[in-house]
Structure formats: C-alpha cells, structure tokens
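This report refers to the structure that appears directly beneath it.
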Amino acid sequence: MAEHLKQAQIWLERLRTAAAKLDKPAVFMEVCGTHTMSAFRCGLHSLTPDNVKLLSGPGCPVCVTAQSDIDQMIALTQERDAIICTYGDMLRVPGKHGSLEKARSQGANVQVIYSTLDAVKLAAKTPDRQVVLAAVGFETTAPATAAAVKQAKALGLTNFSAMTSHKLVIPAMLGLLAGASGGASGGGGAKIDGFLCPGHVSVIIGSDAYQPILDQYNMPCVISGFEDWQMTRGLARLTEQIGKEKACLVNDYPQVVTPAGNTHAWALLTEVFETATVRWRGMGEIPDSGLILQDAYADYCAMRKFNLTPMPDRELGQCLCGQVITGNVTPAECELFGTACTPINPIGPCMVSAEGTCQAWFKYKRPPGTTPGTTPGTTPLTHDKVEVSA
Amino acid sequence: MCLAVPARLDQCSPADQTAIADLHGNRVEISTALIADAAVGDWVLIHAGFAIARLTEQETAEVWSVLKDVINHG
Ligand code: SF4
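Protein chains in written order, with our numbering: chain F, 127 to 516; chain P, -12 to 61.
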C-alpha cells in the first residue's frame, strides 16, 4: 500500500510539473469503460491540474451500439420459439418497445449468460428451440463470440445463431480524430491531444495496433492499467509529450499487453468474422469498424435465419448519449441527467451500463439535491414515457 | 464488460478446450480456446469465461492488486 501511495505521489508530481509548462489546456480521452469507472472512483478528475482534462470516449460497448442494433435485438424477443442469450449489461438498455428485461417480464425467454459457450450448451440441450446469442462488445468480447459460433458449427447445431454488434476500437479512434478535424467519417468528436488506451482490449489487439494513430495524426498514445497511480502515470506521460515534435506510443501495461497481442485469439476472430462498415451511436457509419460473420458461417447469422431486415437508426429523444461518448458534452449538460434519467430509470445506454459515463457521473459526480428517481417538483419518468423520435 | 481477472488453471481438458480455474478461491469452468497450449498451473487473465492471456505469477499478483479495488467499487 505504501508503495502504491508513493507511486501515486511521484506521478502526480510529474503530471503537475508537465502541466505547469503547458501553453494551453491539454485534453485527453480514455476509450475504456473500466477506465471511466476507475477514474471517477479514485477521484482522478479532481486530482489532475485544472489545465489537464480527461474525457470519456467511445469505450462502453453498450453505449456505442447504434440504437437500430439495440432495437433489433429487442425485436428478436418476438420470435416466439427463440431463447435470447445475452450479457447482463444489455438487459436494461431501452429500445423502441421497452428493454430485454421488460420483454422477459412479459414472457419472452431471455437468459443472461456469463460465457458465450453457455448459449451453445443451451442450444445443444434444447434442440427444439432456436437459441440466439445477442452480443455487443469490442475486441475483448468478439473472440468469445467467434469461439461460440465455431463450436456450434463443429457440433453441427442448426438451432444456434448470433446477432452481434461487435466493434473495433482503432477505427473508432481514427474516426473520432477524422471527425474532429473535419473529415468525412466518425461524426464530430471532441478535439483531443492524446489517448489513454484501453488495457484489456490491448491484450487482444497488441500495442502495435495503435501505430496508425501515431502515423496519421501524430497523436500520443499511452496504454494504461486501471489503478489510480497507473492512470495518473498515463496522464503524466501524455502531458509530458505535449509540444514534442514526434508523438510516442507507451505501453504501460506490459504485464498483459504485448506488441502483437493475442495472435491466437485474433486468428480465431478473423476466421469467423470479417470487417465491415458499421453504424455507431453518435458517430454514424465508420469504414471497417465492425465485425460481421464470414460467408462460411452465414448459417449462424440470426438476421438471415429469421429473415429480418435491418431497422432504421433513430435518435433517443432528448438523450445526448451520442454526444457524451464522443466527448462533446458532459452528462450534466443533458437536461434529463439525474432527474428523469437515473440508474433506476435509465433513458439512454450511458446511464444503464455500469461502464457508462452518465452512470459514473451519477454515482460519483451527481449535483447536490438529486436523488435516484426523485427530484422535488419532477415526476420520475420511465423510459417508456419518454418521447422518442422515429 | 472489458474487465478481466487473473486465475490459475487447476485442471485442463485439451480435447474440448476447457479448464477449471481457481478464481480467487472460486472454482469456475472456463474456455481455453483463445490461448495456445493451456496447461495445469498456468496463470491466465479471464474475460467473460475465456482465458485471454497467460501471465507469470508475479504479473498475476500485480494485476490482481490493481483490480481488486476496481471490482470492489465497480
Ligand atoms: S443522462 Fe440519460 S438521457 Fe442524458 S445522455 Fe445520459 S443516458 Fe442519455
């Protein structure tokens, strides 16, 4: 513990020294839900000098998923003989007609799984029912879906399919930078000076994967662990790079992140999936930023199996999640934050997910006078009562 | 969802790429499909039921000391 505090002090001091030399404020972005929660939990934002800001970017898997994909997953519950298997954090995400949790309370068979292979086991056990794995996530989660699809094929299961919205973090980071500098894709992300890169996604993709961000934008990148002193160290290393001619990539999580990443997992992922242009919440379509099943696994695509057509994308009423995850607004700038929208009655995915920025703000940075679900003079709303534009 | 935790492999079934892992005192079945040549005694990082990286015991202690705070407060 003493060592941990010593490290925290050393790096905070280095951060302050580097910050004192800045001509203008520096803005950095993390792109990992666990970083978001860690930063708030340890009070990192209040410890950093006033001229160094850490924004939360598109790092929460549920939050970056386009509303059309969420609506599509919830609509699956109307397939009466289907069992929908999903990770717990998808359960309460609001869609056009309620959430998966609501559908379950109305009789749909929705199962929360810990591992994608649980869905395959269930399909093997219930040959008379269709089992659909509904999964979102980045490179940490996508190989698990690939493994499940491959296993289902090896077992010859005809009652297993997947509806996925898996995304790749590097194209999103590039898309954000392109958007911020007026490029064609990626929406208008906030202007930033460097990335605090995700620890566990990097286990799979490896540190070399960040090179295009340096090559194309000369943008400092630091791969960081999750503890307070590690994140402080990451911010110090980013701040120290400001004003330097050439940006550097620093791997500060070498215990688990290698230059090439997990090549075994990556090989499995590319055997089952191929990259495609996909839609993101708040950022529109980004080329080659998502994963779809290869033709050899087309029989395991739920969209095909149930003959579904893609749903149109839409905005979630007054919810500003799309702008929150691109660093353009803070949750407090959303009129619904802490009043109509709380973790008990979440309106957008950023408040539903334990890794969402709005939930982090609600837990750790809520303005005084707002309590879950009740604010004097307002009626707590459920998401069903909030108007959504089609 | 992006959180991963360290554990030690207690039993391995190479044929079906599964293992029993000791996850801080809990024995859980996990998949070893995403790492090469999993063996009993290996320390691994587990994410959503899959081992995603191999660790040394020292690295495990470091990663665990970092994560226990996150998990307790997440
Ligand atoms: S506070 Fe709620 S409604 Fe507002 S942006 Fe966040 S999730 Fe959306």
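We treat Cβ as the ideally placed atom computed from N, Cα and C, and that holds for glycine.
- The beta-carbon distance between Thr267 (chain F) and Pro187 (chain F), rounded to whole angstroms, is 7 Å. This is short enough to meet the 8 Å contact definition.
- In the pairwise beta carbon analysis, the stretch 28 to 37 of chain P is classified as touching the stretch -9 to 5 of chain P: at least three pairs are separated by under 8 Å.
- Contiguous alpha helix (DSSP H) elements confined to the stretch 289 to 341 of chain F occur at 295 to 306 and 325 to 331, taking only those with 4 or more residues.
- Against chain F, the beta carbon of Ser18 (chain P) has neighbours under 7 Å at Ser241, Leu243 and Ala273, listed in chain order.
- Look at the beta carbons and you see the stretch 176 to 185 of chain F touching the stretch 148 to 164 of chain F: at least three pairs across the two are nearer than 8 Å.
- For the 8 Å CB-CB criterion, Leu322 (chain F) and Val348 (chain F) form a contact.
- In terms of beta-carbon proximity, Leu42 (chain P) lines the interface with chain F, with at least one pair separated by less than 8 Å.
- For the stretch 155 to 189 of chain F, the set of positions with a beta-carbon nearer than 7 Å to some beta-carbon of chain P reads Cys158, Gly159, Thr160, Met163, Ser164, Arg167 and Pro187 in chain order.
- Taking a contact to require three or more Cβ pairs closer than 8 Å, the stretch 347 to 362 of chain F and the stretch 185 to 203 of chain F do not qualify as touching.
- Looking only at F:Leu138, F:Lys370 and F:Gly453, the smallest Cα-Cα distance to Ser172 (chain F) is reached by F:Leu138.
- Distance from the CA of His130 (chain F) to the CA of Ala6 (chain P), rounded to the nearest whole angstrom, comes to 33 Å.
- The stretch 272 to 279 of chain F makes contact with the stretch 392 to 404 of chain F, as at least three CB pairs between them are under 8 Å.
- Contact between Cys211 (chain F) and Asp244 (chain F) holds: their C-beta atoms lie close to 7 Å from each other, under 8 Å.
- Taking one beta carbon from each stretch, the stretch 159 to 169 of chain F and the stretch 318 to 336 of chain F have 3 or more pairs nearer than 8 Å; the two touch.
- Counting along the chain, the unbroken beta strand (DSSP E) around Pro(-7) (chain P) starts and ends at Val(-8) to Ser0.
- C-alpha of Thr174 (chain F) to C-alpha of Ser287 (chain F): approximately 47 Å in a straight line.
- Using a 10 angstroms sphere on the CB of Glu371 (chain F), the tally of other CB atoms stays under 16, which defines it as exposed.
- Within the stretch 4 to 37 of chain P, the residues whose Cβ lies closer than 7 Å to any Cβ of chain F are, in chain order, Ser18, Ala20, Leu21, Ile22, Ala23, Leu32, His34, Ala35, Gly36 and Phe37.
- Using a CB distance cut-off of 8 Å, His390 (chain F) counts as an interface residue toward chain P.
- Inclusion of Val246 (chain F) and Met216 (chain F) in the CB contact set at 8 Å is not warranted, their separation being larger than that value.
- Runs of the alpha helix (DSSP H) spanning 4 or more residues and lying entirely within the stretch 140 to 221 of chain F occur at 159 to 167, 170 to 173, 187 to 190 and 193 to 201, in chain order.
- Against chain P, the CB of Ile318 (chain F) has no partner CB under 8 Å away; the residue lies outside that interface.
- Residue side-chain check: Phe166 (chain F) keeps its Cβ at 7 Å or more from all non-hydrogen atoms of ligand 1.
- Distances between the C-beta of Ile473 (chain F) and the heavy atoms of ligand 1 include at least one below 7 Å.
- Interface residue (Cβ-Cβ distance to chain F less than 8 Å): Ala2 (chain P) is not classified as such.
- The alpha carbon of Gly233 (chain F) has as its nearest neighbour, out of F:Ile209, F:Lys222, F:Ser241 and F:Thr252, the alpha carbon of F:Ile209.
- With its beta carbon at least 8 Å from every one in chain F, Ala(-6) (chain P) lies outside the interface.
- Beta-bridge partners of Asp9 (chain P) (DSSP): P:Arg(-5) and P:Arg14.
- The beta carbon of Ala229 (chain F) sits closer than 7 Å to those of Ile200, Thr203 and Val236, all from its chain and outside the five residues before and after it, given in chain order.
- In summary, the residues of the stretch 321 to 336 of chain F whose CB is separated from some CB of chain P by less than 7 Å are Pro324, His326, Val327, Val329 and Ile330, in the order they occur in the chain.
- 8 Å or more divides the Cβ of Ser479 (chain F) from the Cβ of Ala298 (chain F).
- Note on the stretch 459 to 499 of chain F: whole alpha helix (DSSP H) runs with a minimum of 4 residues are 475 to 478 and 483 to 490, in chain order.
- Take the alpha-carbon of Ile451 (chain F) and the one of Ile239 (chain F): they are about 26 Å apart.
- Taking Met409 (chain F) as reference, the option from F:Ala146, F:Leu170, F:Cys189 and F:Lys431 with the minimal CA-CA separation is F:Cys189.
- Of the candidates F:Lys431, F:Met429, F:Pro413 and F:Tyr490, the residue whose Cα lies closest to the Cα of Ala458 (chain F) is F:Tyr490.
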